[in-house]
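Q: Protein chains in written order, with this note's numbering: chain A, 3 to 346; chain B, 17 to 500.
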Amino acid sequence: MAGDRAAQLVDAVRSAAADEQPLRLLGAGSKVPAAEAGHALQVDENRGVVDYQPEELVLTARGGTPLAEIQALLHQSRQQLPFEPPMIGGRGTLGGAVATGWSGPGRPWRGAVRDAVLGVEMINGLGERLTFGGQVMKNVAGYDLSRLQVGAWGSLGILLSISVRVTPEAHAERTCQLECAAAEALSRMRAWARAHSPITATCFEGGVLSARLSGMAESVAAAAERIGGEQVPDSTLWRDLRDRALPVFASQDGDGQRLWQIHCAPAAELPPDACLVEWSGARRWWRTDARVEDVRAYAEQAGGVALPAGAAPRFDSPHMARLKRAFDPQGLFNPHLNDAHPPQ
Amino acid sequence: MNESKVLQELQRALPTGRLITEPAAMRPYETDGLTAIREMPWAVALPGTEDEVREVLAVCLEHEVPVVPRGAGTGLSGGARPVQGGLVLGLSKLNQILEVDVDNCTARVQPGVRNLAISEAVAEHGLYYAPDPSSQLACSIGGNVAENSGGVHCLKYGLTVHNVIGLKVRTIEGDVLELGGKGLDYPGYDLLALLCGSEGMLGVVTEVTVRLLPEAPQKVVLLAAFSTLESAAGAVSRIIGEGVTPAGLELMDQLTLRAAEDFAGAGYPKDAAAILLCELDGDATEARALQRYAVRLFEEEGAYDVQQAESAEQRERLWAGRKAAFPAVGRIAPDYYCMDGTIPRASLVEVLRGISELSERYGLVVGNVFHAGDGNLHPLILYDANQEGQIELAEGLGREILELCVGVGGTVTGEHGVGVEKLTPMCAQFNAAELAQFERVKEAFDPARLMNPGKAIPTLTRCAEYGGMHVHGGELPFPNLDRF
Ligand SMILES: Cc1cc2nc3c(=O)[nH]c(=O)nc-3n(C[C@H](O)[C@H](O)[C@H](O)COP(=O)(O)OP(=O)(O)OC[C@H]3O[C@@H](n4cnc5c(N)ncnc54)[C@H](O)[C@@H]3O)c2cc1C
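1. Measuring only between beta-carbons, confirm whether A:Tyr300 sits less than 8 Å from chain B.
2. Go ahead and label B:Val236 buried or exposed: buried means 16 or more other beta carbons lie within 10 angstroms of its beta carbon, across all protein chains shown.
3. With distances taken between CB atoms, is the gap from A:Phe335 to A:Val279 smaller than 8 Å?
4. According to DSSP, is B:Asn392 part of a helix, a strand, or is it coil?
5. Is the distance from the Cβ of B:Ala74 to the Cβ of B:Arg86 below 8 Å?
6. Any idea if B:Met17 is buried or exposed, counting beta-carbon neighbours within 10 angstroms, 16 or more meaning buried?
7. How is B:Pro63 classed by DSSP in three states: helix, strand or coil?
8. Taking 7 Å as the cut-off, is the beta-carbon of A:Cys178 closer than that to any non-hydrogen atom of ligand 2?
9. Whose C-beta lies closer than 6 Å to the C-beta of B:Gly213 among residues of the same chain, with five residues either side of it excluded?
10. Is there at least one non-hydrogen atom of ligand 1 closer than 7 Å to the beta-carbon of B:Gln124?
11. Can you tell me the Cα-Cα spacing of B:Glu19 and B:Gly101, whole angstroms?
12. Can you tell me whether A:Ser148 is buried or exposed, with buried defined as 16 or more other CB within 10 angstroms of its CB?
13. Suppose contacts are defined by Cβ-Cβ distances below 8 Å. Is B:Thr290 in contact with B:Ala340 by that definition?
14. When the distance is taken between beta carbons, is B:Leu50 closer than 8 Å to B:Ser93?
15. So for B:Gly346, helix, strand or coil by DSSP?
16. Check the Cβ of B:Phe446 against every Cβ in chain A and list those closer than 7 Å, keeping chain order.
17. Entirely within the region 178-219 of chain B and at least 4 residues each: give me those alpha helix (DSSP H) ranges in chain order.
18. Pairing CB atoms from the region 120-129 of chain A with CB atoms from the region 318-334 of chain A, are three or more of them under 8 Å?
19. Mapping the DSSP letters down to three states, classify B:His488 as helix, strand or coil.
20. How big is the Cα-Cα spacing for A:Ala8 and A:Leu28?
21. What residue does the alpha helix (DSSP H) around A:Ala70 start on, and which one ends it?
22. In angstroms with no decimal places, state the Cα-to-Cα distance between A:Thr67 and B:Glu215.
23. Taking buried to mean at least 16 other C-beta atoms within 10 Å of its own C-beta, is A:Met139 buried or exposed?
24. Does the Cβ-Cβ distance between B:Leu110 and B:Thr244 come in under 8 Å?
25. If B:Arg361 sits next to B:Ile256, beta carbons under 8 Å apart, how far is it from one beta carbon to the other, in whole angstroms?
26. Starting from B:Phe242, follow the beta strand (DSSP E) in both directions and report where the run begins and ends.
27. Report yes or no: do three or more beta-carbon pairs, one from the region 371-388 of chain B and one from the region 400-420 of chain B, lie closer than 8 Å?
28. Could you say which of B:Glu332, B:Leu273, B:Asp48 and B:Leu77 lies nearest to B:Cys155 if we only look at CA atoms?
29. Take B:Trp335 as the anchor and find which of B:Leu368, B:Gly128, B:Ala139 and B:Leu267 has the nearest alpha-carbon.
30. What first and last residue would you give for the beta strand (DSSP E) that runs through A:Trp262?
31. Closest by CA to A:Cys182, which one among A:Glu47, A:Ala276, A:Thr290 and A:Ala308?
32. Given a cut-off of 8 Å on the beta-carbon distance, is the pair A:Thr102 and A:Lys33 in contact?
33. Going by DSSP, what residue range makes up the alpha helix (DSSP H) through B:Asn160?
34. List, in order along the chain, the chain A residues whose C-beta lies closer than 8 Å to that of B:Thr475?
35. Using only CA atoms, which one of A:Ser221, A:Leu215, A:Gly121 and A:Glu123 lies nearest to A:Val234?
36. Under 8 Å between beta-carbons, which chain A residues line up against B:Gly174? List them in chain order, please.
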């Protein structure tokens with residue numbers, strides 16, 4: 003079948019295993035630049051939608067399928083990926099979206115990438131093709147090894163194909179924008195979180211608080227009245243936020259300035275200087291020249307963690323190292339991510 | 017093993033009265049909600065603090081005593097059933113709500129807290145914990161995590177895994193895993209998702225942080241009656257596909273709705289081939305708009321009668337029949353066996369037909385009442401345990417139903433777990449390499465294999481034997497069914 007490179011990828015893994023040659027898995031290069039790669043294995047040629055039945059609200063596609071292609075296909079049936087994966091520079095593959103586990107602006111309402119993943123077919127470090135999960139909404143047969151792949155950055159195996167739950171597009175959508183100070187924006191976000199409403203995204207940046215409303219036309223209109231501010235019908239804000247195309251993401255790190263991504267308790271106090279706040283407060287993007295220890299200390303007292311924006315995490319706790327060995331005993335896949343505890 | 021020495025050590029780890037060894041006192045722990053399968057535990061420990069859990073586990077590790085964690089014992093697949101010579105680690109005394117954080121909409125609780133107790137504790141703030149298994153009055157949040165339990169409202173608000181944001185887990189080796197927190201995403205392997213549904217085989221859940229949602233101010237329940245099963249199934253697909261996600265969407269077939277009506281007097285039309293119960297919620301405008309939309313849609317799909325319940329009293333009346341469905345069906349026959357397969361919605365009609373053919377072949381009546389919105393079937397097989405051979409017949413029929421589910425791309429369990437009950441059907445769903453991968457994952461957390469041994473993941477030997485008996489279109493012991 004065109005686009006099916008599973009057999010070649012299995013061969014590549016088996017010869018890497020025989021040669022004890024670690025592999026760096028590369029997708030479309032939107033999130034991990036090719037220059038970083040050592041012995042690169044290009045996985046994005048394994049592509050194509052395998053199965054999509056709009057009435058089932060499930061799509062199965064090979065890991066290398068471009069997100070743009072998937073979105074265009076879904077849009078024909080007025081459906082979408084609920085987790086709104088970033089398409090940085092318009093690029094990105096489904097496998098990359100799942101491997102990084104980066105969720106978009108609707109995360110608290112529409113769920114994370116892992117919430118939408120129903121099943122995967124993968125190659126483990128033994129060169130075996132394995133299927134976990136499936137195409138159904140509820141499945142507790144065996145450990146949930148498909149959700150475990152989300153955010154694992156390919157370090158547990160190559161994702162050959164992934165089944166995800168998709169959702170219908172909203173009947174109506176609009177954005178409300180209010181000018182206010184940061185602290186007030188956060189307290190409004192928290193108040194919204196405590197009442198039922200059609201809000202499906204919130205964002206505060208540069209003195210403007212924005213809320214996306216999606217649902218039935220009448221209720222979107224009524225909620226927009228309640229929220230007040232300026233109404234914008236087709237805001238590009240959410241797409242730009244999703245794709246990390248807003249100015250705050252664009253400016254370069256330098257002069258001691260660095261962009262941090264902070265996941266924390268949503269109501270926790272904001273950092274001392276300006277930052278972008280989304281997810282009702284649960285994710286913050288903070289560009290600062292504060293010392294690394296101070297940023298980490300801030301995140302910790304806010305009940306969370308700070309990561310340099312765009313960086314891959316390290317899977318270095320003892321149990322993560324053991325899990326790595328359970329899938330990839332020779333440490334073939336992206337071994338730099340598990341550096342602290344190299345597989346023995 | 018020097019039994020009395022081990023018992024002494026356990027005794028030392030626990031307050032007086034919290035180690036049970038008297039057979040009569042252990043009887044309640046012999047089984048869980050799947051009462052057909054029993055086993056006397058060697059001993060039962062009821063720790064009241066995390067430190068006691070740690071010490072009990074340390075004793076068990078040292079003396080290689082298998083440990084079966086147990087919440088409220090309502091599981092339906094034998095997950096908490098004791099294992100021979102093993103300790104039952106009852107977590108019901110760890111029952112404190114540690115923190116309700118209204119600003120962050122979270123609650124941090126001990127594993128023995130009952131599911132419903134969380135919602136009750138936060139109701140004054142207009143919040144609730146969404147996953148609502150029918151057993152929510154009794155079942156524990158620790159058990160919910162271990163089974164990744166669902167409920168009627170999971171269609172819109174997600175399963176346990178979608179609503180738990182933090183876990184504290186104690187491994188048999190004594191390590192503490194602190195997973196997640198009050199935020200939404202934390203970097204690293206998603207051990208929290210892995211623990212959800214792991215059936216007590218990887219570690220003991222000692223603390224759970226859940227996210228709380230605001231109560232919807234407006235709710236409406238619709239009852240749509242159909243004269244054919246096909247049209248009811250068609251309406252299910254369409255309403256989900258059009259983005260009117262109901263809070264709950266349940267289907268009852270004729271046998272079940274009649275039994276429920278006789279039992280509860282909910283006002284169900286007894287001539288219907290199938291009914292759908294559909295709950296819609298939101299703020300007042302949203303709920304209204306959804307209601308209008310859904311009523312029109314049901315009519316277009318051939319519903320010949322649509323009842324609309326808006327007041328709390330009317331809504332409860334319509335739900336009463338659904339809630340009474342299991343006991344109501346239980347009145348038709350002395351025993352029933354509840355299955356839990358999940359299938360793609362498009363296969364609903366095909367599978368329900370298949371089930372009715374199997375039912376005729378086996379000569380056992382099967383009622384269907386299930387979470388239609390997510391394709392999670394609960395066929396109820398009626399039998400009489402006092403008649404010789406009927407249990408075996410019911411089990412055989414159940415197994416064939418699950419194979420039917422796997423055959424259309426579904427799964428052998430949607431929410432009740434594998435436990436000891438579905439070990440054999442698991443062989444139809446996973447091949448040898450996949451089962452071996454499960455085993456290696458288990459080893460990463462429990463190298464001594466003491467946590468709930470013999471549950472959830474079948475051994476290769478078992479599957480080989482099973483494969484010899486059931487051959488699906490080939491003579492391989494692991495028929496490679498197409499699952500994608
Ligand atoms: C009438 C009835 C209706 C039901 N309805 C539903 C329903 O609608 N949806 C649904 O999903 N289920 C339902 N169930 C099944 C059952 O209630 C759920 O599986 C529930 O989550 C089990 O919780 P429990 O506390 O009783 O766990 P138990 O039965 O005690 O244990 C279940 C499993 O969890 C493990 N476990 C328990 N506590 C811990 C812990 N702290 N750490 C690690 N492992 C642990 C056990 O070892 C076992 O494997 C129903 C059961 C009954 C009897």
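Glycine included, every Cβ here is placed at the ideal spot set by N, Cα and C.
All of these numbers come straight from a predicted model, not from anything done at the bench.
A: The structure says:
1. Residue 300 of chain A sits at position 298 when you count from the first residue of the first sequence. Judged by the 8 Å Cβ criterion, A:Tyr300 is not in contact with chain B.
2. Taking the first residue of the second sequence as 1, we reach residue 236 of chain B at position 220. By the neighbour-count rule (16 or more Cβ atoms within 10 Å), B:Val236 is buried.
3. As a first step, residue 335 of chain A must be located in the first sequence, where it is residue number 333. As a first step, residue 279 of chain A must be located in the first sequence, where it is residue number 277. In this structure, A:Val279 does not lie closer than 8 Å to A:Phe335 by Cβ.
4. Residue numbering aside, residue 392 of chain B sits at position 376 when the second sequence is read from its first letter. DSSP places B:Asn392 in strand when its eight states are reduced to three.
5. As a working note, residue 74 of chain B is residue 58 in the second sequence. As a working note, residue 86 of chain B is residue 70 in the second sequence. No; because the gap between Cβ atoms is not below 8 Å, this pair is not in contact.
6. Within the second sequence, numbered from 1, the residue matching residue 17 of chain B stands at position 1. Around the CB of B:Met17, fewer than 16 other CB atoms lie within 10 Å, so the residue is classed as exposed.
7. What you label residue 63 of chain B is simply residue 47 of the second sequence in a count that begins at 1. If DSSP states are grouped into helix, strand and coil, B:Pro63 belongs with coil.
8. Questions concerning ligand 2 fall outside what the structure shown contains, since the ligands it does hold are ligand 1.
9. In the second sequence, residue 213 of chain B corresponds to position 197, counting from 1. Taking C-beta separations shorter than 6 Å and ignoring five residues to either side along the sequence, the partners of B:Gly213 in its chain run Asn164, following chain order.
10. Position 108 of the second sequence, counting from 1, holds the residue named residue 124 of chain B. Going by the sequence as given, residue 124 of chain B is Arg instead of Gln. No, ligand 1 has no heavy atom inside 7 Å of this Cβ.
11. Against the second sequence, residue 19 of chain B aligns to sequence position 3. Against the second sequence, residue 101 of chain B aligns to sequence position 85. Between B:Glu19 and B:Gly101, the C-alpha separation is close to 10 Å.
12. If you number the first sequence from 1, residue 148 of chain A lands on position 146. Buried: at least 16 other Cβ atoms inside 10 Å.
13. What you label residue 290 of chain B is simply residue 274 of the second sequence in a count that begins at 1. What you label residue 340 of chain B is simply residue 324 of the second sequence in a count that begins at 1. Per the sequence shown, the amino acid found at residue 290 of chain B is Ala instead of Thr. No.
14. On the second sequence, residue 93 of chain B is found 77 positions in, with the first residue counted as 1. On the second sequence, residue 50 of chain B is found 34 positions in, with the first residue counted as 1. It is a contact, given that the beta carbons lie within the stated cut-off.
15. As a first step, residue 346 of chain B must be located in the second sequence, where it is residue number 330. Three-state result, B:Gly346: helix.
16. The count along the second sequence starts at 1 and reaches residue 446 of chain B at position 430. Those are Gly144, listed as they occur along chain A.
17. 207-211
18. yes
19. The count along the second sequence starts at 1 and reaches residue 488 of chain B at position 472. At B:His488, the pLDDT of 36 sits below 50, so the modelled position is not reliable; the number obtained from the coordinates is stated separately. Of the three classes helix, strand and coil, the one that applies to B:His488 here is coil, per DSSP.
20. Within the first sequence, numbered from 1, the residue matching residue 8 of chain A stands at position 6. Within the first sequence, numbered from 1, the residue matching residue 28 of chain A stands at position 26. Their backbone Cα atoms lie some 15 Å apart in a straight line.
21. Along the first sequence, read from residue 1 onward, the residue named residue 70 of chain A stands at position 68. Leu69 to Gln78 is the span of the alpha helix (DSSP H), which, as asked, contains A:Ala70.
22. Indexing the first sequence from 1 puts residue 67 of chain A at position 65. Indexing the second sequence from 1 puts residue 215 of chain B at position 199. Using only the alpha carbons, I get a separation of about 34 Å.
23. For the purposes of this step, residue 139 of chain A is taken as the residue at position 137 of the first sequence. Classified as buried, A:Met139 has 16 or more neighbouring CB atoms from the shown chains inside 10 Å of its CB.
24. Your numbering for residue 110 of chain B matches position 94 in the second sequence. Your numbering for residue 244 of chain B matches position 228 in the second sequence. No, they are not a contact pair.
25. To locate residue 361 of chain B, count along the second sequence from 1; it is residue 345. To locate residue 256 of chain B, count along the second sequence from 1; it is residue 240. Between B:Ile256 and B:Arg361 the Cβ distance is about 7 Å, and since that is below 8 Å, they are a contact.
26. Indexing the second sequence from 1 puts residue 242 of chain B at position 226. Its beta strand (DSSP E) spans residues Gln234 to Phe242.
27. yes
28. The count along the second sequence starts at 1 and reaches residue 155 of chain B at position 139. Of B:Glu332, B:Leu273, B:Asp48 and B:Leu77, the residue nearest in Cα terms is B:Asp48.
29. On the second sequence, position 319 is the one that residue 335 of chain B refers to. Comparing Cα-Cα distances from B:Trp335 to each of B:Leu368, B:Gly128, B:Ala139 and B:Leu267, the minimum goes to B:Leu267.
30. Along the first sequence, one-based indexing puts residue 262 of chain A at 260. First-last of the beta strand (DSSP E) with A:Trp262: Arg260 to His265.
31. Here residue 182 of chain A is taken as the residue at index 180 of the first sequence, counted from 1. Out of A:Glu47, A:Ala276, A:Thr290 and A:Ala308, A:Ala276 has the C-alpha closest to the C-alpha of A:Cys182.
32. As a working mapping, residue 102 of chain A is identified with position 100 in the first sequence. As a working mapping, residue 33 of chain A is identified with position 31 in the first sequence. Yes, the pair counts as a contact, with Cβ atoms nearer than the cut-off.
33. Numbered from its first residue, the second sequence carries residue 160 of chain B at position 144. Looking at the DSSP string, the run of the alpha helix (DSSP H) that includes B:Asn160 is Ile157 to Glu163.
34. In the second sequence, the residue the question calls residue 475 of chain B occupies position 459. None at all; the shortest Cβ gap to chain A is about 13 Å.
35. On the first sequence, residue 234 of chain A is found 232 positions in, with the first residue counted as 1. The residue with the shortest Cα to Cα distance from A:Val234 is A:Leu215.
36. Against the second sequence, residue 174 of chain B aligns to sequence position 158. Here the neighbours are Gly113 and Asp117.
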